[in-house]
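Q: First, the structure itself, so that you have it in front of you.
2 protein chains.
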Amino acid sequence: MAPNHCNFCHAPNFAGQEQIPRLAGQREDYLLKALRDYKPGARPGYEPTMANVVQPMKDEDFVELAYYLARVK
Amino acid sequence: MAPNHCNFCHAPNFAGQEQIPRLAGQREDYLLKALRDYKPGARPGYEPTMANVVQPMKDEDFVELAYYLARVK
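Encoded structure:
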C-alpha cells in the first residue's frame, strides 16, 4: 500500500484521523465505487486530494485496494 | 436510532450493504462532519437521500448520532 500513500492521511492502520474516514473494514463495494468515482470527478471530495491521488491508478488497482482495505482489521 | 431509519439502508447492524457504507465503528469526527455537511448540501451524496433525511434533524441530533455510531461494534 505504501506506493499509494493512503496511510499518510488515513493513518498507518487505516483507522483514519480527525475528519478523515476509517477505511479498514469498510465495505469493499463502497470503497471500490468511491475510488472509481473519484477519478472522473463523479464523487466530489471535500478537497481535491483524492481526485489527484487516483489519477495515475488503474481500475485493477482500485479493485485490489478495495479488496485489501475491506479486510484490514 | 429507529426514528432516523438509518438501518433501512445501512443495515440493522450499521455494517452497510452493497455500495452503502459501513457506519459502525467509523470515526466520530468524520460522521459528524458528514451529517452536518449533508444538511446545507455542502456534502453532495450520490443521491439526495441523505440530504433529505437530515433536514428535520438538529445539530444535537448529529452529535448524538455520530457518538453512537462510532461506538457500535
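Chains as they are written, first to last, in this note's numbering: chain A, 1 to 73; chain B, 101 to 173. Quick reminder that beta carbons are idealized off the backbone N, C-alpha and C, glycines included.
1) Counting pairs of beta carbons, one from the segment 60-68 of chain A and one from the segment 24-35 of chain A, are three or more of them closer than 8 Å?
2) Does the segment 115-129 of chain B touch the segment 17-29 of chain A, meaning 3 or more C-beta pairs lie closer than 8 Å?
3) With 8 Å set as the bound, which would you pick, yes or no: does the beta-carbon of ARG36/A sit closer than that to a beta-carbon of chain B?
4) Name the residues in the segment 151-164 of chain B whose C-beta lies less than 9 Å from a C-beta of chain A; which are they?
5) Out of ARG127/B, ARG136/B, ALA142/B, point me to the one whose CA is closest to GLU160/B's CA.
6) Please confirm whether PRO148/B has its beta-carbon closer than 8 Å to some beta-carbon of chain A.
7) According to the neighbour-count rule (16 or more other Cβ atoms, all chains shown, within 10 Å of its Cβ), is PRO56/A buried or exposed?
8) Quick check on HIS110/B: buried or exposed, where buried means 16 or more other Cβ atoms within 10 Å of its Cβ?
A: According to the structure data:
1) When Cβ pairs closer than 8 Å are counted between the two stretches, the segment 60-68 of chain A is seen to touch the segment 24-35 of chain A, the count reaching three or more.
2) With a cut-off of 8 Å, the segment 115-129 of chain B and the segment 17-29 of chain A count as touching, because enough Cβ pairs lie within range.
3) The sequence position of residue 36/A within the first sequence is 36, counting from 1. Cβ-Cβ to chain B under 8 Å: no for ARG36/A.
4) Listed by position, the residues of the segment 151-164 of chain B near chain A (Cβ gap below 9 Å) amount to none.
5) Along the second sequence, read from residue 1 onward, the residue named residue 160/B stands at position 60. Of the candidates ARG127/B, ARG136/B, ALA142/B, the one whose C-alpha sits nearest the C-alpha of GLU160/B is ARG136/B.
6) If you number the second sequence from 1, residue 148/B lands on position 48. For PRO148/B, the answer is no, since every Cβ of chain A falls outside 8 Å of its Cβ.
7) The residue labelled residue 56/A in the question sits at position 56 within the first sequence. By the 10 Å Cβ count, PRO56/A comes out exposed.
8) As a working mapping, residue 110/B is identified with position 10 in the second sequence. Buried: at least 16 other Cβ atoms inside 10 Å.
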